[in-house]
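Residue numbers (the working numbering): 12 to 606.
I have placed the structure first, in the form of C-alpha cells, so that the comments after it can refer back to it.
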C-alpha cells in the first residue's frame, strides 16, 4: 500500500478533467432539436458542406466526383431509421445509378462489414472465447506457421489474432513484368497463392482459404498487438457456419438484419437503380464471395442509423445493456496514445485543444478528451464510416462514393463543429437541471436537524460546493475522516474543497411515500489528492500524468454507507430533478430550494 500512496501523490489537482471516471461528465443532452446552440452548429455544418460542394470552400478533392450521404443519429429521434439530421449530395459526374439521393440509397460500406460481423457473432450464441479450431479442425495442423489452437473467435473479431491481412488479394499478377522492370526477380506462377490473385486465378473457396492459411506467416503472436486482417472475418464467419449450420448470408439475416429491421443491408451486389455509383472504376456490383464478412456488404444511411441508434440506446434487440457496454471497451493499444482498438472499434481520443477552442491545458478546463468509437470502411470507389459519441448519445454515419480523401475532411469538420456545441448543451442542461441549493430535515433520536447541499457547475464538471448538517460544514470534515481512517496508506485529500460529481449510469425506479414514481440516480464524488512536493531526484514529476484516482472510489464509509455516493431523485414523467440524498449523512431527500 505504501507504493500506491507514492504513485497517487503525484497527481495535480489541475488535471481534474483529464483524470476522471471514464464515460460521461454530465448526462447526455436531450431535446437537441430545441437547442439554439445545437441548431446553429448544424446550420454551420450545412453551410460548410454546401460551400465545399459548390466550390466556395477550397478542398483537396474535386467535388464533382464525390457523392455524400451524411446523418447525425441521436437518442431523441422518433424513428431509428430517420436521423435527427441528414445531408445528401449527388456528384455531378455520376452517370450510373440513382438520380435521387436519399437515406435509402445504397453504398458499398467496406470494412464497416467487420463491426456488423462482430455483432452477428455476439448475437449468435456461440462462445466467443472458443478456439477457432473447435469449429474448423483442419486449421489444427502441426505444419502450420500459425498456431491456430491459440486463436479464439474473440481474437479474430478484435484484430488480435496476429494473422495475415489477406490471402491472394493485394497481389497483382497482371503487372508482374512492371515489377521485374523495377528490379524484382522473376517468379514462376506456382509461387503465387493458389487463389484470389488478381489476373492469375479464381476467387478462393473455403477449402482453398483454409489450406492457404496453413502456409501463411503469422504477423504477431495471438493477443500480442493488433494486426489488421480482412481474412480474419472470413475465417470467423466460416467458424460460425460450422457452429450454427448457417452460411454468412443466413447469419447476417437471422442474427442481425431481421431483428433490427435493416432490410437494406446485405451481401454485394446491390440494386443499381437505387445505388450511388461513382464515376470511373469502382467495385460496385462485385460478388465478394467468402470475403464479404470483412468488407463486402451494401447498406444505407437509414439502415446504419438503425444500427448506431441501437448501440446508443442499448436496444435489447441488438444485445443487453451489459453486452453493449462490454462491446465498447478497448481491447488493446494501437501504439499511439490517441488510439486504441476494440471489437473491432477504431477508438480515437483527439487532443482536446483541437476540438474545444476554449480549452485551457493548464487548468484542464473549457474542454476535455472525448472518446470516439468509429469503424472505417473502404472499397474501390467508396469510403464509409460510422462513429459513436457515446458520451453525448450521438452517432455519425458518413457514406461517400468517389474520391477517398473527401470523407476524412468532412468527418473532421463535423467533429470540430458539432462536439463543442453538443458539449455546451449538455453542460447547460446539467447546470439547470442538477445545480442549485437542496434543503431538508434529517431525523435522529434527538429530533430533526437541518441539512442542505449546494451543487454548481464550473468549467470542468458539476461540483458539490456545500454540504451542511446542523450547521456543520461536512466538506471540511471529510478530509479529517479520510486522514483518521485512510491516511496511513492512501494520499491526503485536496483541501481546496473541489468535490467533483460524475454520473455512474446506475439508476433505480422507486416510489415516494405519496405515490410519486421517481428515478434514483447514483453519482460519485471524485476525490482529488494533494500533489507531492517535487524532489531533486531525476525524473521528478514524471508520474504526474499517471492517473490513478480511479483506485480511490468507495474507500471512505460511515455507518456502512460510502461517503462518495450521492443520489439525485428525478421524476419519471417530467424528468425534473426533485431532490438530492446524501445517504452517508442520513439526510433523506433534500428538496430543491427556490431561493
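Don't be surprised by glycine CBs; every beta carbon is placed ideally from N, CA and C.
Residue i - containing beta strand (DSSP E), residue span
i	result
residue 465	458-468
residue 100	96-100
residue 513	510-522
residue 474	473-480
residue 352	350-352
Limits of the unbroken alpha helix (DSSP H) element including residue i
i	result
residue 217	217-224
residue 358	Where residue 358 is concerned, there is no enclosing alpha helix (DSSP H), although the beta strand (DSSP E) it sits in stretches over 357-359.
residue 48	47-64
residue 165	164-168
residue 495	485-497
residue 363	363-366
For residue i, the nearest candidate out of the options (CA to CA)
i	options	result
residue 225	155, 281 and 601	155
residue 52	520, 429 and 518	429
residue 306	326, 280 and 460	280
residue 406	91, 294 and 30	91
residue 112	185, 289, 39 and 254	289
residue 340	329, 358 and 349	358
residue 134	479, 355, 265 and 526	265
residue 298	274, 329, 544 and 213	213
residue 253	110, 132 and 470	132
residue 126	276, 517, 520 and 183	276
residue 308	137, 245 and 417	245
residue 291	205, 412, 349 and 422	412
residue 521	552, 544, 511 and 581	581
residue 69	550, 526 and 421	421
residue 395	382, 380, 403 and 419	419
residue 172	200, 237 and 178	237
residue 518	583, 240 and 326	583
residue 205	188, 189 and 180	180
DSSP beta-bridge partners of residue i
i	result
residue 449	464 and 603
residue 185	None, per the DSSP bridge assignment.
residue 277	309
residue 411	79 and 394
residue 386	397
residue 579	532 and 591
residue 572	569
residue 405	85 and 400
residue 371	376
residue 195	Answer by DSSP bridge pairing: none, since residue 195 is not bridged.
residue 537	511
residue 347	According to DSSP, residue 347 bridges with nothing at all.
residue 455	458
Test: residue i CB closer than 7 angstroms to a CB of chain B
i	result
residue 120	Of the protein chains in this structure there is only one, and it is not chain B.
heavy atom of the ligand SAM below 6 angstroms from residue i C-beta
i	result
residue 479	In the structure shown, the ligand SAM is absent, as is every other ligand, since no ligand is present at all.
Closer than 8 angstroms is the cut-off here; do at least three beta carbon pairs connect the stretch 262-282 with the stretch 213-225? The answer is no - the stretch 213-225 does not touch the stretch 262-282, with fewer than three Cβ pairs under 8 angstroms.
Can we say the stretch 367-377 touches the stretch 167-175, given the rule of at least three CB pairs closer than 8 angstroms? no
Which full runs of the alpha helix (DSSP H) of 4+ residues lie inside the stretch 287-341, going along the chain? Complete alpha helix (DSSP H) runs here, min 4: 303-306, 312-323 and 332-338.
Ranges of the alpha helix (DSSP H) found wholly within the stretch 230-276, counting only runs of at least 4: 242-255 and 259-263
Check whether the stretch 432-450 and the stretch 31-40 touch, using three or more Cβ-Cβ pairs below 8 angstroms as the test. yes
Are the stretch 546-564 and the stretch 472-490 in contact at 8 angstroms, needing three or more beta carbon pairs? no
At least 3 beta-carbon pairs within less than 8 angstroms: the stretch 383-397 vs the stretch 115-126: Short answer: they touch.
At what residue ranges does the stretch 113-179 contain a whole run of the alpha helix (DSSP H), taking only runs of 4 or more? 123-135 and 164-168
Does the stretch 88-102 come within contact of the stretch 311-321, defined as at least 3 CB pairs closer than 8 angstroms? These segments touch.
Whether or not the stretch 138-152 and the stretch 333-353 are in contact is what I'm after, with contact meaning three or more pairs of Cβ atoms, one per stretch, closer than 8 angstroms; do they touch? Result no; under three Cβ-Cβ pairs closer than 8 angstroms.
Touching or not, the stretch 492-499 and the stretch 529-537, by the rule of three or more beta carbon pairs under 8 angstroms? no
Does the stretch 597-606 come within contact of the stretch 537-556, defined as at least 3 CB pairs closer than 8 angstroms? The answer is no - the stretch 537-556 does not touch the stretch 597-606, with fewer than three Cβ pairs under 8 angstroms.
Mind the definition here: the stretch 56-68 touches the stretch 396-403 only if three or more C-beta pairs lie below 8 angstroms; say whether that holds. no
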